[in-house]
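Line by line, the protein sequences are chains H and A.
Sequential numbering from 1 applies to the first sequence in the numbering used here.
Sequential numbering from 1001 applies to the second sequence in the numbering used here.
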Amino acid sequence: MAYAPDHSSERPAILDKVNPAELPRAKLILNDRGFHWITDKVCGIVEEPTPLWWKVLFTVALFVASFTGVGLFYLVSTGTGVWGLRAPIGWGWAIVNFVFWVGIGHAGTLISAILCLLRQKWRTSINRAAEAMTIFAVMCAGIFPLFHVGRVWFAWWLFPIPNQNAIWPQFRSPLEWDVFAVSTYFTVSSLFWYMGMVPDFGTIRDRATTWWRKAFYSVLAMGWRGGNRQWSNMEMAYLLLAGLSTPLVLSVHTIVSFDFAVSNVPGWHTTIFPPYFVAGAIFSGFAMVLTLMLPLRAIYRLHDVINQYHIDNMCKIILATGTMVGYAYATEFFIAAYSGNVYEKFAFVNRAFGQYAWAYWIMVSCNVITPQLFWFKKIRENHSLVWIICLFVNVGMWFERFVITVTSLANDYLPSSWGYYSPTIVDIFTFFGTFGFFSVLFLLFVRFFPLLPMAELKMVSPHSDIHKH
Amino acid sequence: MNERNESIHGVACTFRKPADVYHAAEKVRDAGWKYWDVHSAYPIHGLDKAMGLPRSKIPRLTLLGGVTGFIAGCLLTWYMNSFDYPLIVGGKPLWSPIFPFPIMYECTILFAAFGTFFGQFILNRLPQHHHPLFDLPQFARTSDDSFMIVLEARDSQFHLDESRNFLLSLGGQEITVIRD
C-alpha cells in the first residue's frame, strides 16, 4: 500500500512518496497446501482403519482410568476418611487436583476465544484439540469437588433445585459461586466446541462411504449445507461465543481463587490471587496443549499445519505467563513482608523453608526457572526438549496448587493446631486415574472427531484470498 | 412459480475458485435475486457484502439471552436467600446486588450463550436432514474444495432456461437442475 502525502499544506514534503516495506507474514500453512489437502488430511484421521498405537493407548488409558473408578468406589462405600484429610488439613489433594485440572482447561478457551478476538490466525490449527482438552479437563476437575462433598448422593443440593428440606444453596459462599462458574464454563465450552465442529461434521458426512459413518456424522452435522446465509449466522455466533467465553474464562479461575482468597487463612487471603491464578492457568494449559499436540503432530504428520511458528508462539506464551507467575510469587513475598502481619509473614517463610519446603522448591524450579529456557530459539526448535519442559511445567503447576492449599492449612495461627498432611494411596490412585480418564476421552476425540478445524484452516489459507488466486 | 417448475428446487452451478464464485455472486446480487445462496466449505471473506446479505440477527438473541440470564440470576438469588428461606449469615443483608454478583454474572453469560447457540440453529433452520441439495452428486464437494451457486425456483425471477443461461454467463462449470 502506498501512502500519498497531502501536498495542499504549505510545508514541503520530505519524501515525495512513502513506500512501506512489505513485511512477509509468517506462513500458517506450509508447502502451499490447498483445500483438498486439508480435507484429506483431517478427514483421513477419522476415515483410516483404527491404528495399532491407538488401540494400545486406548487400552492402557482405560486401565489407568479404572484407578479413579476403584478409588471413588472405595471412597463412597467406606467414607471420606480414606482420603488423607485430617484436622487441620481439610483440603488436600482433591482441591489441588480440582484446581490443577480446571487450570489446564483454561488454555483451550484462551486459544479458542481470546486469540480469536485478538485475530491471532495461528490459533486455528490447534484450537479444536485445545477446546477438547478444556472440556475433558473440566470433566476431570469436576470429579474431585463432587466427591469431596462427602455424601455424593446429595451433590445435587449444590444446584438450585428444590429439595425435601426446603432449603436452598447459600449464595454468600464462594464455593457456591464456583458451582455456577464451573458448570457454566463446561456448558459454554461444550456449546462453542460443538458449534465450531458442525461444518466439519458436514464435510466428513459428505465424504462418508459406509452407512454407519454417514448416519453418525449426519446426525452430528444437523444437516449443515454450508450456504453463505448459514455461514453468515455461524460466523456471527462464533464471534459472539468467543466474546462471551473471554469474560467467562477469566471469571472461572478468578472465582476458583476466591475459594481461597475470601477465607481468613494466612497465605490465602490475598488480593493478588485472581490475576495470579488466571496467569497460572494459562501457563499450565499451554504446557498441556503442547504435551498433547507435539506427539499428535508427529503421528499424523501435521507439520504443514502445525509448524515451527505455532510452536514458537505457544512457547512464548508459556514463557510470558511463566514469568508472570514467577513475578506473582515474588509479589506475594514482598506483600507478606510489607504487611507487617506476623501470620502472613510466617506463612510465606514457612512455605519456602518449613516442612513443605521440598514442594515449594519443586514448584519454583519447574514454574519459574524451566520456562526461561524458552528464551532460546534453539530450545524452541528442539521439540523433544519442548515436550519435556512442558511436562515440568505441568508438574510445577500441580505443586503450586499443593503448596497453596496445604502449607497454609498445615501451619496457620496456633502452633498447637498445626499438622502435616500426606495423601493416602486412595488419593494417589484416584488422581492417577484421572489421567487415564482424560486420555480415554481425548483418544476418542482424536479418532472420531475432526482433530483440526478444516473450515477455519481453509479460511486462513492463502488460497482463500479472493484477490490473489 | 409456474406449474412446469413444480418439482424443481432450483438450478445449481459449480465454481472452482473462491474469486470466481465471489464475482459471480456480485452479479447475481445486482440482477436482484432474492432466493439464492452460495455454498462453500468455509466462510468466504467479504461474501456477505458481495451477496448483499444484511447483518446477522444473532446479536439480538444474544442480548435477549443475556438480559434474561441477568434477571434470572437476580431473581434466583433473591428468591432463595432472601424470600423463600431468609437466613442471616454473618449479619449480612439477606440480599444485595454485591454478594451474589458472580451468580448473576455466570447466569448472564450462560443464557447469552444459549441465545447465541440455539439462535444460530434456529436462524439457520437446523437441524434439517432432508434437503434437495443433498441428492446432488456435485454438492458433496462443496464441503471440500468446490463452490456452488444455487438459484431457487421460488424466486420470482426464476425461469428454468433463462436462469441456466444466466449461470452459464457467470462462468460456472457444471450446471444442474435440482429436483425436489
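All residues carry an ideal CB built from backbone N, CA and C; glycine is no exception.
The structure presented is a predicted model; accordingly, all values stated were derived computationally and were not measured.
The alpha-carbon of I388 of chain H is positioned some 40 Å away from that of K214 of chain H. Under a criterion of Cβ atoms nearer than 7 Å, no residue of chain A is adjacent to V102 of chain H; the nearest Cβ is some 14 Å distant. Every alpha helix (DSSP H) stretch that sits fully inside the segment 354-421 of chain H and reaches 4 residues is listed by chain position as 357-364, 377-381, 383-402.
Under the three-state reduction of DSSP output, R25 of chain H falls in the coil class, being neither helix nor strand. At least one C-beta of chain H is nearer than 8 Å to the C-beta of L1053 of chain A. Short of 6 Å from the beta carbon of P274 of chain H, and not among the five residues preceding or following it, lie these beta carbons of its own chain, in chain order: T254, S257. Under a 10 Å Cβ-count criterion, K41 of chain H is classified as buried, with 16 or more other Cβ atoms of the shown protein chains found around its own Cβ.
Close to chain H, meaning a Cβ-Cβ distance shorter than 7 Å, are the following residues of the segment 1139-1154 of chain A: A1140, T1142, S1143, D1144, D1145. Within the same chain, and ignoring the five residues on either side of G1171 of chain A in sequence, the residues whose Cβ sits closer than 7 Å to its Cβ are D1020, A1024.
With contacts defined by Cβ atoms closer than 8 Å, L244 of chain H and V188 of chain H form a contacting pair. Neighbourhood of G226 of chain H in chain A, by CB distance below 7 Å: H1039, S1040, A1041, T1142, S1143, in chain order.
Here A242 of chain H has A113, C116, L117 as same chain residues with Cβ atoms under 6 Å from its own Cβ, once five neighbours each way along the sequence are excluded. Closer than 8 Å to the CB of S1169 of chain A there is not a single CB belonging to chain H. Straight-line spacing of the CA atoms in M1080 of chain A and K1057 of chain A works out to 35 Å. DSSP places R86 of chain H in the strand class (E or B) of the three-state scheme. Around the Cβ of L1168 of chain A, a 10 Å sphere holds fewer than 16 other Cβ atoms; the residue is exposed. With fewer than 16 other Cβ atoms from the protein chains shown falling within 10 Å of its own Cβ, W53 of chain H counts as exposed. Taking 8 Å as the CB threshold, Q372 of chain H stays off the interface with chain A. Assignment of M222 of chain H by DSSP, reduced to helix, strand and coil, places it in the coil class. Between F442 of chain H and M133 of chain H, the C-beta gap is smaller than 8 Å, which places the two residues in contact. In the structure shown, the three-state DSSP call for D1037 of chain A is strand.
If you draw a straight line from the Cα of D1037 of chain A to the Cα of C1013 of chain A, it is about 11 Å long. V1177 of chain A carries a strand assignment under DSSP once its states are collapsed to helix, strand and coil. Per DSSP, I1008 of chain A is one residue of the beta strand (DSSP E) stretching across 1008-1015. The three-state reading of DSSP puts I1044 of chain A in coil, since its state is none of H, G, I, E or B. Taken atom to atom, the span from the alpha-carbon of D1084 of chain A to that of N1124 of chain A is near 41 Å. I135 of chain H has no beta-bridge partner at all, per DSSP. Under the 10 Å beta carbon count, T209 of chain H is surrounded by fewer than 16 other beta carbons and is classified as exposed. Taking all protein chains shown into account, P415 of chain H has fewer than 16 neighbouring C-beta atoms within 10 Å of its C-beta and is therefore exposed.
For V262 of chain H, the three-state secondary structure derived from DSSP is coil.
Excluding five sequence positions before and after G34 of chain H, the CB atoms of its chain that fall closer than 6 Å to its own CB belong to H463, given in chain order.
Per the coordinates, the alpha-carbon of G280 of chain H lies some 6 Å from the alpha-carbon of V325 of chain H. Within chain A, the residues A1041, Y1042 have their CB atoms less than 7 Å from the CB of K458 of chain H, given in chain order. When H:Y309, H:M288, H:T321 are compared, the shortest CA-CA separation from V278 of chain H is found for H:T321. Looking at H:Y343, H:F154, H:W101, H:K378, the one whose alpha-carbon comes closest to that of M288 of chain H is H:W101. When 8 Å is used as the limit between beta carbons, D1161 of chain A is near no residue of chain H, the shortest such separation being about 24 Å.
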